[in-house]
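Novice: Sequences listed follow chains A and B, in order.
So the first sequence is numbered by the working numbering: it starts at 1 and just counts up by one.
So the second sequence is numbered by the working numbering: it starts at 1001 and just counts up by one.
Every residue, glycine too, gets a C-beta built ideally from N, C-alpha and C.
The structure's right below; bear with me while I get my questions together.
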Amino acid sequence: DAGVTQSPTHLIKTRGQHVTLRCSPISGHKSVSWYQQVLGQGPQFIFQYYEKEERGRGNFPDRFSARQFPNYSSELNVNALLLGDSALYLCASTVGLAAYEQYFGPGTRLTVT
Amino acid sequence: AQSVTQLDSQVPVFEEAPVELRCNYSSSVSVYLFWYVQYPNQGLQLLLKYLSGSTLVKGINGFEAEFNKSQTSFHLRKPSVHISDTAEYFCAVTRTGANNLFFGTGTRLTVIP
């Protein structure tokens, strides 16, 4: 079975631009979570979506938004990019809501210049 | 709220020597604990997890960890490391019913030939 997939692998954007990152969960998993990992730090929780509804949100500004589609894939959108948004964005999928069964994708490396 | 402290940011160790990576957590409720490994330019891979039961948890690649409730610790150990164990290791915590993980800042393990 395929694991969690994310696209694109790498991305370079300019300050003020908008970016969309994509994630496909493991088949049969209905929940997707997004994490931001800044260089030298551990991942920080951004969002969780389950059955297309937002079920959790971390301490991130409104510039960050996400959605989940009927096939359970998900998009993370970031508006008005700042240099500090440069990070590895990780997607994790789970069967249900619980965090103790999270499987992570390879991540999308976003560089903001 | 939960939090995790990884006491060592970098741990160099010679090949075939034992290693211990330290993790302490804080939480006012029952917790689940995890260790993840991250190889360069990759996502997170679960090494092991403690949900309940035996406090000694065995994981993949010869790693094990011991849950110590009185000391609020979950240290990771391996009796003999290999060059291929060179990576970043993250300790994470969540609580029953929670939908996200809280990560430590990571420990960079470098195995020296």
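Buried or exposed for A/A120, going by 16 or more other Cβ atoms inside 10 Å?
Specialist: Residue 120 of chain A is absent from the model: chain A starts at 1 and stops at 113.
Novice: Using a 10 Å radius around the Cβ and a threshold of 16 neighbouring Cβ atoms, would you call A/L81 buried or exposed?
Specialist: The residue in question, A/L81, is buried, as its Cβ has 16 or more Cβ neighbours within 10 Å.
Novice: Assuming B/A1065 is part of the beta strand (DSSP E), what are its boundary residues?
Specialist: First-last of the beta strand (DSSP E) with B/A1065: 1064-1068.
Novice: For the candidate residues A/H18, A/K13, A/T111, whose alpha-carbon lies nearest to that of A/S86?
Specialist: Considering only alpha carbons, the answer is A/T111.
Novice: Considering only residues of the same chain and omitting the five flanking positions on each side of B/T1110, which have a CB-CB separation below 6 Å?
Specialist: Closer than 6 Å at the Cβ level, and outside the excluded window around B/T1110, lie P1012, T1086.
Novice: Would you report the Cα separation of B/D1008 and B/R1022, rounded to the nearest angstrom?
Specialist: Whole-angstrom Cα-Cα distance: 7 Å.
Novice: With 7 Å set as the bound, which would you pick, yes or no: does the beta-carbon of A/G56 sit closer than that to a beta-carbon of chain B?
Specialist: By this cut-off, A/G56 is an interface position.
Novice: Per the contact definition of three or more C-beta pairs closer than 8 Å, is the stretch 29-37 of chain A in contact with the stretch 92-109 of chain A?
Specialist: Touching, yes, given that three or more Cβ pairs across the two stretches are closer than 8 Å.
Novice: Once DSSP output is grouped into helix, strand and coil, what is the label at A/I26?
Specialist: Coil, per DSSP.
Novice: What residue range does the beta strand (DSSP E) around A/Y50 cover?
Specialist: Residues 44-50.
Novice: What distance in whole Å lies between the Cβ atoms of A/F104 and A/V4, which are believed to be in contact at a cut-off of 8 Å?
Specialist: Their Cβ separation, rounded to whole angstroms, is 6 Å, which keeps A/V4 and A/F104 in contact under 8 Å.
Novice: First and last residue of the beta strand (DSSP E) that includes A/R63?
Specialist: Per DSSP, A/R63 belongs to no beta strand (DSSP E) and is neither H nor E.
Novice: Of the residues that make up the stretch 1016-1043 of chain B, which ones have a beta carbon closer than 9 Å to any beta carbon in chain A?
Specialist: The residues in question are Y1032, F1034, Y1036, Q1038, N1041, Q1042, G1043.
Novice: Name the DSSP bridge partner or partners of A/S7?
Specialist: Its beta-bridge partners are A/R22.
Novice: For B/S1052 and B/V1031, what's the separation of their Cα atoms in angstroms?
Specialist: Cα to Cα, B/S1052 sits roughly 9 Å from B/V1031.
Novice: At the 7 Å Cβ level, is B/A1098 part of the contact set with chain A, yes or no?
Specialist: Judged by the 7 Å Cβ criterion, B/A1098 is in contact with chain A.
Novice: Find the nearest neighbour of A/R109 within the set B/E1016, B/E1020, B/G1043, judged by alpha-carbon distance.
Specialist: Residue B/G1043 is the option with its Cα nearest to A/R109.
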